[in-house]
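Numbering (my numbering), first residue to last: 495 to 1106.
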């Protein structure tokens, strides 16, 4: 096989890369992205210590090895023999072969081909030539190949102007740009700092950086924020990022492969419904006056519309992707408030309650009566629930109103807090969390399991809330939300996962919750939503500290969630909604979410496709 392995005449065709094209659900074009940014640069323009940073990170014996690592080969073969992957153990020469001539697939035959080609290449090219080509063909993330474009993308400067600290960070990206770009989140930032420190310390250990110079670099060289793509203005950027994230999470396509372009992404987004949701959100924003009302500043509106089969048909991520890259439709920062109580109700209907330790669980029905009075003491099977300061916890209703004995169905429909708090204690908060995640919420978004958990301390995204309420609309069948219906590359189908529906809740439980949500529209807190048409069901939501407001509801097979919050841009802390939109002081929550929802859902059924 060694004798039969030839080195191809041409490099992978970086110069002929194509855009990725995103399509609406009807097949019309939505956006084009993915242009690869690459520029060759001679090795002598790369500062010597920046070169050694890459070598310290990836292959410190580069100038003395034969182009392959015998110990790495043994590890790779051993992993293949035991069913593991073949990653790891590659020299820079092997990595260059993989970058320039092969693909990123990890298979036995490709790994052997890579090794044989590396040995032959090491005999044909000088070490400096190999290193130069490696630095020019390596993937650094942010759409960039090669260290010259990486220097521009991360530090806004020519590669020749990089210092060793910046070079150490760029060397960190060679291990996996998707994991080490700090702009991708706190975990990435932490990994990047750790890897940057490790690279500098390796340079000291290998004699390429003095202790004195290493001591100068104590602060991580924060890179620039990634630029926004001009063609992604308005809501388009949020849609593209949502679909892109789905492809990377639910297919074998890597970020590196995706950046090479040539993909056609058929999304689930419906053009007319997107236009309707955008108009409704913009109308809501037009009712705010941040220039003269401080309470209208720093407002964040998120919205998502999901079909009962899991398709995300529309979302509103913010005022403009180029102004605010953060997608409020997919944010896990806004407490669900009392829009969470249907999950408490569903858990009780499914599992029953236990009020006395050691006694069997007792069933409850929609007609089961609970105490709806204000300031009732919360009870556990052992007696009153005491907080950490030694006080008995008392449940409070909005406006301090007392309702007397009230059925669970009415308590949900009319947003009466005290029965829901006690019901959560009786059924068990762990069981409530289980039902919420089975319906569609992410476990990572669930709040701390204290009594207030039942009133929505969890922070699901609007996509997840719409999807979870869709489970009630679908008689307990749940399908994970998805935004990509099909994926092709240059005309060939590329496998991408499509979620399968499952029976998450018993039909009788989902049916009872559905009845309570319809009751909320008929006579409860959601009567304004009746304007969206017959069959409407939904629930308002406010946080106990008045720092969020929601409306989540559905009509037939289309479920939509709208969230409202104010977030301090400096501290990222939630601010109270008091006075927002000019509402009188003391008003709890806001009518903005239900008004936005009603406008959108009314239009969605007039202009949207009937496939939903």
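Ideal placement from N, C-alpha and C gives every residue a C-beta, glycine not left out.
Contiguous alpha helix (DSSP H) elements confined to the stretch 985-1062 occur at 1001-1016, taking only those with 4 or more residues.
Residue 802 places its beta carbon less than 8 Å from that of residue 967.
Contact annotation: the stretch 824-840 does not touch the stretch 776-785, with fewer than three C-beta pairs closer than 8 Å. Within the model, the alpha-carbon separation for residue 677 versus residue 721 is close to 11 Å.
Per DSSP, residue 806 is not a residue of any alpha helix (DSSP H); the beta strand (DSSP E) it occupies stretches across 806-810.
In terms of Cβ geometry, residue 929 and residue 758 do not form a close pair [threshold 8 Å]. The distance from the Cβ of residue 840 to that of residue 1011 is about 11 Å, inconsistent with a contact at the 8 Å cut-off. Membership of residue 515 in the beta strand (DSSP E) is indicated by the continuous run 514-517.
Our two residues, residue 927 and residue 937, have alpha carbons roughly 8 Å apart in a direct line. Here residue 897 carries a coil assignment [DSSP, helix/strand/coil]. Restricting attention to beta strand (DSSP E) runs no shorter than 3 residues, the stretch 803-873 encloses them at 806-810, 863-865, ordered along the chain.
Where residue 757 is concerned, there is no enclosing alpha helix (DSSP H), although the beta strand (DSSP E) around it starts and stops at 757-761. Between the stretch 802-812 and the stretch 1013-1024, the count of Cβ pairs shorter than 8 Å is below three; the stretches do not touch.
With at least 16 other beta carbons inside 10 angstroms of its own, residue 978 counts as buried. Non-local C-beta neighbours of residue 1077 in its own chain, meaning closer than 7 Å and more than five positions away in sequence, comprise 1084, ordered along the chain. Taking a cut-off of 8 Å for Cβ pairs, the stretch 951-958 and the stretch 870-877 do not touch, as fewer than three such pairs fall below it. Leaving aside the five residues that flank residue 910 on each side, the residues in its chain whose CB is nearer than 7 Å to its CB run, in chain order, 866, 891, 897, 900.
Counting only residues of its own chain and dropping the five nearest sequence neighbours on each side, residue 707 has a CB closer than 8 Å to the CB of 658. Within the same chain, and ignoring the five residues on either side of residue 794 in sequence, the residues whose Cβ sits closer than 6 Å to its Cβ are 822, 1059, 1061.
A Cβ-Cβ separation of about 13 Å leaves residue 800 out of contact with residue 519 under the 8 Å criterion. The secondary-structure analysis by DSSP pairs residue 1068 across a beta bridge with 1061.
Bounds of the alpha helix (DSSP H) holding residue 776 are 765-780. By alpha-carbon distance to residue 980, the top candidate from 1095, 991, 972, 1089 is 991.
For residue 1068, the number of other beta carbons within 10 angstroms of its own is at least 16, and it is reported as buried.
Apart from sequence neighbours up to five positions away, the residues of its chain that approach residue 888 with a beta-carbon distance below 8 Å are 869, 870, 871, 872, ordered along the chain.
One thing to note: residue 831 has its Cβ no nearer than 8 Å to the Cβ of residue 975. Membership of residue 641 in any beta strand (DSSP E) is not indicated; the residue belongs instead to the alpha helix (DSSP H) covering 641-649. Under the three-state reduction of DSSP output, residue 713 falls in the coil class, being neither helix nor strand. In the DSSP assignment, no residue is bridged to residue 967. Assignment of residue 796 by DSSP, reduced to helix, strand and coil, places it in the strand class.
With respect to residue 792, residue 728 sits apart: the two C-beta atoms are not nearer than 8 Å. When Cβ pairs closer than 8 Å are counted between the two stretches, the stretch 742-753 is seen to touch the stretch 624-641, the count reaching three or more.
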